[in-house]
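One gets the numbering used here by counting positions in the sequence shown from 1 and adding 623 to each.
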Amino acid sequence: MNYFYSGSTNAFYPEELREVYEMAGTWPDDAVKVEANIADKFMQTPPAGKWRIADGDGLPAWGDIPPLTHEQITANAMQQKTMLLAEASAVIGPLKDASDGGYIDDADRPKLIAWQKYRYDLTKVDPAKPVWPQKPTE
Numbered sequence: 624m625n626y627f628y629s630g631s632t633n634a635f636y637p638e639e640l641r642e643v644y645e646m647a648g649t650w651p652d653d654a655v656k657v658e659a660n661i662a663d664k665f666m667q668t669p670p671a672g673k674w675r676i677a678d679g680d681g682l683p684a685w686g687d688i689p690p691l692t693h694e695q696i697t698a699n700a701m702q703q704k705t706m707l708l709a710e711a712s713a714v715i716g717p718l719k720d721a722s723d724g725g726y727i728d729d730a731d732r733p734k735l736i737a738w739q740k741y742r743y744d745l746t747k748v749d750p751a752k753p754v755w756p757q758k759p760t761e
């Protein structure tokens with residue numbers, strides 16, 4: 624199969640669908656025909672730490688993935704914190720119900736306390752500088 628590559632969209636387009644793209648008005652102006660081996664190479668999973676970019680000639684190339692910004696790192700940490708809090712709450716819920724109802728097994732009391740402490744410690748994590756508490760062992 625023959626392909627065209629567009630640097631502006633960083634995408635490959637099958638030659639056999641060109642007419643469809645043109646009728647839809649979505650065929651990129653900068654599309655260039657590429658050899659099958661080039662298309663195959665750059666439609667695969669990129670090497671570690673790389674992503675597909677358009678080089679100076681408008682052809683596909685592997686470029687370094689830029690480092691995350693501080694804002695992205697903080698957002699990722701906030702998402703992680705939310706997920707860990709939800710996980711802790713899911714474990715605590717039934718144990719807390721049993722404790723409040725007076726029918727918790729003695730063996731489960733330390734588990735409840737450990738998970739409650741862990742959840743509390745999670746609330747203290749600063750997403751801008753996360754230091755994650757150790758998750759309780761089962």
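Backbone N, C-alpha and C define an ideal beta-carbon position, used for all residues, glycine too. Remember, it's a predicted structure, so these values are computed and weren't measured experimentally.
Out of the options, point me to the one whose CA is closest to residue i's CA.
i	options	result
R742	N633, I715, G679 and E642	I715
D653	L682, I676, T668 and L640	L682
P670	D687, E658 and A677	D687
D731	A684, K673 and T760	T760
T705	H693, E694, V748 and R641	V748
F635	M666, E694 and W685	M666
K753	W650, A713, M701 and L708	It is Pro, not Lys, that sits at residue 753 in the sequence shown. With distances taken between Cα atoms, P753 lies closest to M701.
S631	D678, A647 and K664	D678
Q633	W685, N699, A709 and Y726	Correcting the residue type first, residue 633 is Asn in the shown sequence and not Gln. When each option's Cα is compared against that of N633, the closest is W685.
K673	D680, P689 and K664	P689
K740	G725, L708 and I727	L708
G661	W650, R675, T649 and Q703	Looking at the sequence provided, one finds Ile at residue 661 rather than Gly. Ranking the options by Cα distance to I661, first place goes to R675.
In the DSSP assignment, what residue or residues form a beta bridge with residue i?
i	result
V657	Y626
Y636	F627
D687	K673
Could you check whether residue j and residue i sit closer than 8 angstroms to each other, using their CB atoms as the reference points?
i	j	result
K734	L718	yes
P750	T697	yes
W738	A711	yes
Handout entry: contact_flag[the segment 653-666, the segment 627-635] where n(CB pairs < 8 angstroms) is 3 or more
Key = yes
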